[in-house]
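Residue numbers (my numbering): 19 to 308. Report on the structure given below.
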Amino acid sequence: MMPFRPIYPFMRMFPRMFMTPVMPCMYYAPRYQMPIFKMPETRSYEPIYEVPEENNSSVDLFRKTYESIINKPSRESVWEDEDVTPSADIEHEDDNDEQAEQTVDISSIPDEKKLGAEFLERVKLVAQNLKCDYKDLLAVLNSESSLNPQAGLDRKTGKIKGAVGLLQFTNIAIEELNRRYNLDLTKEKILKMTAVEQLDLVEKYLKIAKSRVFGENERLSAANLYAITFLPARANRLTLCTKGEKDSEGRLLRYYEKNQGFDLNNDGKITKNELAQRINNKRVNESIFA
19 MMPFRPIYPF MRMFPRMFMT PVMPCMYYAP RYQMPIFKMP ETRSYEPIYE VPEENNSSVD
79 LFRKTYESII NKPSRESVWE DEDVTPSADI EHEDDNDEQA EQTVDISSIP DEKKLGAEFL
139 ERVKLVAQNL KCDYKDLLAV LNSESSLNPQ AGLDRKTGKI KGAVGLLQFT NIAIEELNRR
199 YNLDLTKEKI LKMTAVEQLD LVEKYLKIAK SRVFGENERL SAANLYAITF LPARANRLTL
259 CTKGEKDSEG RLLRYYEKNQ GFDLNNDGKI TKNELAQRIN NKRVNESIFA
């Protein structure tokens, strides 16, 4: 052990200045180096006061309220929470889509009764960019909207309720597209787009969804393509959701309940195999584009 040797001359001249409580916390490295300070170890103490058993319910309520405020995801982080993901499916967890009804001018909405060869060619290009089979993509769009770019609009009343467009875009999905691509989309604006124009949004949305669990150059199977459309954050699971699922606060998630038609064998689960079967049932005869 190296003997105690003050390094600096003024420490020799004024030794009493250094006789402080800090001294026990200081030791010297090899000669001619600066002293190294170490903080004394702290001790943890158990709380003296314990909440009586009968009052624990109020404490739990406070804790849950505090945690819900602290852990509430922001708009930017909403995609990081696997249970709050903007999916584009027939029915969704976005309650605002169910509650809010909008009215639009029907005369401003195109009425595309027939989709032509241009639409099919654009679908092929989008599928190529997404690294998936264009026939699978056509089947997904057919399952979501019956290839109707104005799906979600009641032409008799002019009211919009729920998700809209070819891929059934929800409010959350539209907000995410606006944030990621600096757009100014609304449901009404999407409905005013032609089918070919909406395919650009389909590609943008599915690229975001794919990036959640798959690599950019990874090939998407039919099941994985539908999985990123349905629940992007869970697209790498075999079982996507189950009946009665609840979040950390005990609220019903309703992923299963609002898409029960996907459960083909009625076992209380929606799996990727069932999504693949649904795609096979929704294959499109390409002669309709001739």
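No residue lacks a Cβ here, since even glycine has one placed at the ideal position from N, Cα and C.
Given residue i as reference, the closest of the options once Cα atoms are compared
i: D281; options: D265, K261, G268 and L249; result: K261
i: K290; options: N298, A253 and L184; result: A253
i: Q246; options: I124, E139, A135 and L148; result: Looking at the sequence shown, residue 246 is not Gln but Ile. Measuring from the Cα of I246, the nearest candidate turns out to be L148.
i: L155; options: K177, V182 and L243; result: L243
i: I208; options: L185, R173, L293 and L138; result: L185
i: L195; options: K222, L238 and A181; result: K222
i: N277; options: L293, K264 and G268; result: L293
i: G180; options: V302, Y273, Q120 and R301; result: Q120
i: V231; options: Q168, E193, V220 and L249; result: L249
i: Y199; options: L219, L270 and E206; result: L219
i: I306; options: K177, L165 and Y152; result: L165
i: D8; options: T204, I192, Q168 and V302; result: Not covered by the structure: residue 8. The range shown for the chain is 19 to 308.
i: I127; options: R173, A240, R301 and G279; result: R173
i: Y274; options: A308, N284 and C259; result: C259
Burial state of residue i, where buried means 16 or more other Cβ atoms lie within 10 Å
i: S266; result: exposed
i: E304; result: exposed
i: H110; result: Its pLDDT being 39, under 50, H110 is placed unreliably in this model, and the value from its coordinates should be taken loosely. Buried, because 16 or more other Cβ atoms sit within 10 Å of the Cβ of H110.
i: T257; result: exposed
i: T175; result: exposed
i: R269; result: exposed
i: I288; result: buried
i: N189; result: buried
i: L171; result: buried
Span of the beta strand (DSSP E) around residue i
i: E136; result: Unbroken run through E136 is the alpha helix (DSSP H), A135 to L148; no beta strand (DSSP E).
i: E119; result: E119 to T121
i: I306; result: From DSSP, I306 is part of no beta strand (DSSP E); its letter is neither H nor E.
i: I178; result: K177 to K179
Residue range of the unbroken alpha helix (DSSP H) whose run includes residue i
i: I297; result: K290 to N299
i: I190; result: N189 to Y199
i: K153; result: Y152 to S163
Residue i Cβ short of 7 angstroms to the ligand HEM heavy atom set
i: D129; result: As presented, the structure is devoid of all ligands, the ligand HEM included, so that no description of it is given.
Can you give, in chain order, each stretch of the alpha helix (DSSP H) that sits fully within the segment 204-244 and has at least 4 residues?
Counting only runs of 4 or more, we get 205-209 and 213-228.
When you compare the segment 209-220 with the segment 122-133, are there three or more beta-carbon pairs, one atom per stretch, that lie closer than 8 angstroms?
Cβ pair count under 8 angstroms is three or more, so yes.
Three Cβ pairs or more, each shorter than 8 angstroms: is that satisfied between the segment 292-300 and the segment 158-178?
The segment 292-300, when compared against the segment 158-178, does touch it at the 8 angstroms Cβ threshold.
Which full runs of the alpha helix (DSSP H) of 4+ residues lie inside the segment 240-269, going along the chain?
Runs found: 240-248.
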